[in-house]
Amino acid sequence: MDYLKLVTDVGFPIASAIAGGFFVFLTLRFILAGVLESIKTQRSFVIALDNRVKTMNNELIRIDVMMSAAFQLKPDLDRIARADGQKDARKD
Numbered sequence: 000m001d002y003l004k005l006v007t008d009v010g011f012p013i014a015s016a017i018a019g020g021f022f023v024f025l026t027l028r029f030i031l032a033g034v035l036e037s038i039k040t041q042r043s044f045v046i047a048l049d050n051r052v053k054t055m056n057n058e059l060i061r062i063d064v065m066m067s068a069a070f071q072l073k074p075d076l077d078r079i080a081r082a083d084g085q086k087d088a089r090k091d
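Heads up, the sequence shown is in numbering that gives the first Met the number 0, so the first residue is 0 and it goes up one at a time.
Listed below in structure tokens is the structure:
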């Protein structure tokens, strides 16, 4: 019965606008909850892919150093330093 008291106090147009706003709020909250879950899933995929790229980069550096040692060549120290996190290692 509180709803009827609200309608008599503020009028039907204002009460219906409040009710409509509440339903819009509920709808947006439902939609954004689904979007947030999707973003969390995509974020975990990106983190996993980033870890794979870092691992592959370290493996390539390791192979490069091993091949340099096998052929008795001087290893590329600048490339090794870039892979250490000082600069972007993907500039090669």
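Yeah, the Cβ is synthetic: ideal placement off N, Cα and C, and Gly gets one too.
Review point. For Asn-56 versus Ala-82, is the C-beta distance shorter than 8 angstroms?
Key: As a position in the sequence shown, residue 56 is number 57, starting the count at 1. As a position in the sequence shown, residue 82 is number 83, starting the count at 1. Result yes, Cβ atoms of Asn-56 and Ala-82 sit closer than 8 angstroms.
Practice item. Please confirm whether Ile-60 and Ile-30 have their CB atoms less than 8 angstroms apart. Key: Here residue 60 corresponds to residue number 61 of the sequence shown, with the count starting at 1. Here residue 30 corresponds to residue number 31 of the sequence shown, with the count starting at 1. It is not a contact, given that the beta carbons lie outside the stated cut-off.
**Study point:** Residues near Leu-76 by beta carbon distance below 7 angstroms, same chain, minus five either side
**Key:** As a first step, residue 76 is located in the sequence shown; it is residue number 77 there, counting from the start. Cβ neighbours of Leu-76 beyond the five flanking positions: none.
Point to revise | Integer-rounded CB distance, given that Ala-16 should sit under 8 angstroms from Val-6 | key: Counted from its first residue, the sequence shown places residue 6 at position 7. Counted from its first residue, the sequence shown places residue 16 at position 17. Your pair Val-6 and Ala-16 does not check out as a contact, with CB atoms roughly 12 angstroms apart and the cut at 8 angstroms.
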